[in-house]
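In what follows, a single structure is set out as structure tokens and then discussed.
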Amino acid sequence: MTEPLETLTTTATSSLTTTLTSLLVKSTTLLTGLTTLLACLLYNYQNSLLYFPTIGGLPRRTSDNPKNYRSPAEYGIPFETHWIPCEDGVKIHSWLLLHREGSDNDNDNEKFSKKIPTILFFHGNAGNIGIRLPNAMQMYRHLRPANIWLIDYRGYGDSDDAKVDERGLKLDAEAVLRYIHGPRGTGGSKNHLPHVDRNRIFVFGRSLGGAVAFHMAHYDRVRSPKLNKIPSQSKHDDDRNNKLDSKHDYPRPPLAGMIVENSFLSISTMVDYLLPYVAPFKSLVLRINWDSAKVASQINEIPALFLAGKKDTLVPHEHMLGLFQIMKESRGMSNNNNGSEDRSLDRGGRILKMHV
Numbered sequence: 020m021t022e023p024l025e026t027l028t029t030t031a032t033s034s035l036t037t038t039l040t041s042l043l044v045k046s047t048t049l050l051t052g053l054t055t056l057l058a059c060l061l062y063n064y065q066n067s068l069l070y071f072p073t074i075g076g077l078p079r080r081t082s083d084n085p086k087n088y089r090s091p092a093e094y095g096i097p098f099e100t101h102w103i104p105c106e107d108g109v110k111i112h113s114w115l116l117l118h119r120e121g122s123d124n125d126n127d128n129e130k131f132s133k134k135i136p137t138i139l140f141f142h143g144n145a146g147n148i149g150i151r152l153p154n155a156m157q158m159y160r161h162l163r164p165a166n167i168w169l170i171d172y173r174g175y176g177d178s179d180d181a182k183v184d185e186r187g188l189k190l191d192a193e194a195v196l197r198y199i200h201g202p203r204g205t206g207g208s209k210n211h212l213p214h215v216d217r218n219r220i221f222v223f224g225r226s227l228g229g230a231v232a233f234h235m236a237h238y239d240r241v242r243s244p245k246l247n248k249i250p251s252q253s254k255h256d257d258d259r260n261n262k263l264d265s266k267h268d269y270p271r272p273p274l275a276g277m278i279v280e281n282s283f284l285s286i287s288t289m290v291d292y293l294l295p296y297v298a299p300f301k302s303l304v305l306r307i308n309w310d311s312a313k314v315a316s317q318i319n320e321i322p323a324l325f326l327a328g329k330k331d332t333l334v335p336h337e338h339m340l341g342l343f344q345i346m347k348e349s350r351g352m353s354n355n356n357n358g359s360e361d362r363s364l365d366r367g368g369r370i371l372k373m374h375v
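Per the working numbering: the sequence shown = residues 20 to 375.
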């Protein structure tokens, strides 16, 4: 006996509804599972997603880099190698590129300029300082006369093996500042940096290095008794600062200025941009802060220069604009309409020179 058309229609509709509901439930379950998996991976491996001591097929150690990326000696300029001791016992590796009095090409001249700026160079999240030599040489030549001090983080390049994380990199930045203003707390002698004018220290940071530079500027303001005390970034910082020996608190000149190239507001805002599906759960899984926006609001008296490329493929241009707006008393911004991260300094260098 043939079933009525209405019955067949109702049955088909019910079957379709059941199928769609089942697909929706499965899709939701799958999406929830994938989001949960991504959140778990982010929680457990977030440091590995941010810090890359090696890049591509390049090795970690500077001596194993390709030609012209191994040492400043390949460029025929005077330099010193400095091993900087950190508070937790780790030593980090660095190259200080120096200028001779008169001509840098005069290899017989052992006199070095003493009253010129020194720019601390904190690089991005991938590769060692050797990879930055071509860029550092541009700064060395076009910002003449200024010493360029390339610094590798712990776990990078020739620095000691150590866990690479936010706390560790902050210790690295603090150690550099104390080393410069030694010998108290550094183990150095009074003349361990005879060619560095401690009154003219600038810090430059690119990408992740920009966040490190912000932390150094904040630490400089917190620890210097010559300056008004400003809030620490966290309770952990407060506790640690209270425990620090008074050898870290002694009269010294503050940083002369900071230069930031294509950096970010915070890791949290970067997660919003790069991992929007994880963003709702970031308060539960995100353990990395690097909150430069918060720091910038506390150190806006320091002279600062921002170099921003609108076509940066990783960090949205709005982040640099935001940092610039926060630091209301900054001295200038190079707005490169066509620049990516790697090319911003090429075009902003002469503007940078004006402000240094």
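From the three backbone atoms N, C-alpha and C, an ideal C-beta is built for every residue, glycine too.
Please read these numbers as outputs of a predicted model, since none were measured by experiment.
Outcome for residue i when other beta-carbon atoms lying within 10 angstroms are tallied against a minimum of 16
{"i": "Glu-193", "result": "buried"}
{"i": "Glu-337", "result": "exposed"}
{"i": "Tyr-64", "result": "exposed"}
{"i": "Leu-116", "result": "buried"}
{"i": "Leu-68", "result": "exposed"}
{"i": "Pro-72", "result": "buried"}
{"i": "Thr-38", "result": "exposed"}
{"i": "Tyr-238", "result": "buried"}
{"i": "Thr-36", "result": "exposed"}
{"i": "Trp-102", "result": "exposed"}
{"i": "Asn-247", "result": "Low per-residue confidence applies at Asn-247: pLDDT is 42, beneath 50, and the placement is therefore not dependable, though the value from the model is reported in the following sentence. Exposed, because fewer than 16 other Cβ atoms sit within 10 Å of the Cβ of Asn-247."}
{"i": "Asn-319", "result": "exposed"}
{"i": "Thr-288", "result": "buried"}
{"i": "Ser-82", "result": "exposed"}
{"i": "Ala-92", "result": "exposed"}
{"i": "Leu-212", "result": "buried"}
{"i": "Gly-146", "result": "buried"}
{"i": "Asn-261", "result": "Residue confidence for Asn-261 is low, a pLDDT of 46 falling below 50, so the modelled location carries little weight; the figure read from the coordinates is stated next. By the 10 Å Cβ count, Asn-261 comes out exposed."}
{"i": "Arg-242", "result": "buried"}
{"i": "Asp-264", "result": "At Asp-264, the pLDDT of 42 sits below 50, so the modelled position is not reliable; the number obtained from the coordinates is stated separately. Per the 10 Å Cβ criterion, exposed."}
{"i": "Asn-281", "result": "buried"}
{"i": "Ser-226", "result": "buried"}
{"i": "Asn-166", "result": "buried"}
{"i": "Gly-201", "result": "buried"}
{"i": "Gly-95", "result": "exposed"}
{"i": "Gln-240", "result": "One point to set straight first is that residue 240 is Arg, not Gln, in the sequence displayed. Buried is the call here."}
Extent of the continuous alpha helix (DSSP H) run through residue i
{"i": "Arg-186", "result": "185-199"}
{"i": "Met-156", "result": "152-161"}
{"i": "Gly-75", "result": "No alpha helix (DSSP H) holds Gly-75; DSSP gives it neither H nor E."}
{"i": "Glu-337", "result": "336-345"}
{"i": "Val-314", "result": "311-315"}
{"i": "Ile-286", "result": "286-293"}
{"i": "Lys-134", "result": "No alpha helix (DSSP H) contains Lys-134, which DSSP labels as neither H nor E."}
{"i": "Lys-301", "result": "301-304"}
Limits of the unbroken beta strand (DSSP E) element including residue i
{"i": "Met-277", "result": "276-280"}
{"i": "Ala-323", "result": "323-328"}
{"i": "Asp-224", "result": "One point to set straight first is that residue 224 is Gly, not Asp, in the sequence displayed. It spans 220-225 - the beta strand (DSSP E) in which Gly-224 sits, taken as one unbroken run."}
{"i": "Ile-170", "result": "166-170"}
{"i": "Phe-141", "result": "137-141"}
Cα-Cα separation between residue i and residue j, rounded to whole angstroms
{"i": "Arg-350", "j": "Pro-322", "result": "In this predicted model, Arg-350 has a pLDDT of only 45, less than 50, meaning its place in the structure is not dependable; the value taken from the coordinates is given anyway. Cα to Cα, Arg-350 sits roughly 6 angstroms from Pro-322."}
{"i": "Asp-179", "j": "His-112", "result": "8 angstroms"}
{"i": "Tyr-70", "j": "Gly-176", "result": "13 angstroms"}
{"i": "Gly-224", "j": "Ile-345", "result": "17 angstroms"}
{"i": "Lys-130", "j": "Glu-120", "result": "6 angstroms"}
{"i": "Arg-151", "j": "Arg-80", "result": "13 angstroms"}
{"i": "Lys-462", "j": "Asp-216", "result": "What is shown of the chain runs 20 to 375, which leaves residue 462 out entirely."}
{"i": "Lys-301", "j": "Tyr-292", "result": "12 angstroms"}
{"i": "Asp-331", "j": "Pro-97", "result": "33 angstroms"}
{"i": "Thr-100", "j": "Trp-114", "result": "5 angstroms"}
{"i": "Ala-181", "j": "Gly-108", "result": "10 angstroms"}
{"i": "Ala-315", "j": "Pro-272", "result": "20 angstroms"}
{"i": "Val-222", "j": "Leu-324", "result": "10 angstroms"}
{"i": "Arg-219", "j": "Gly-76", "result": "38 angstroms"}
{"i": "Cys-59", "j": "Val-297", "result": "10 angstroms"}
{"i": "Asp-310", "j": "Leu-284", "result": "6 angstroms"}
{"i": "Asn-84", "j": "Leu-43", "result": "52 angstroms"}
{"i": "Lys-313", "j": "Leu-196", "result": "21 angstroms"}
{"i": "Val-334", "j": "Leu-340", "result": "11 angstroms"}
{"i": "Glu-106", "j": "Leu-190", "result": "7 angstroms"}
{"i": "Gly-229", "j": "Ile-138", "result": "13 angstroms"}
{"i": "Tyr-11", "j": "Pro-153", "result": "The requested residue 11 is not part of the displayed model; the chain covers only 20 to 375."}
Is there contact here, the region 184-192 with the region 226-239, by at least three beta-carbon pairs under 8 angstroms? With a cut-off of 8 angstroms, the region 226-239 and the region 184-192 count as touching, because enough Cβ pairs lie within range.
Is the region 273-281 touching the region 301-308, taking contact as three or more C-beta pairs under 8 angstroms? No contact exists between the region 273-281 and the region 301-308.
Could you tell me whether the region 135-142 touches the region 164-172, where touching means 3 or more Cβ pairs closer than 8 angstroms? Judged by Cβ distances under 8 angstroms, the region 135-142 makes contact with the region 164-172, as three or more pairs qualify.
At 3 residues or longer, and completely inside the region 79-126: list those beta strand (DSSP E) runs for me, N to C. Listed in chain order, they are 98-104 and 110-116.
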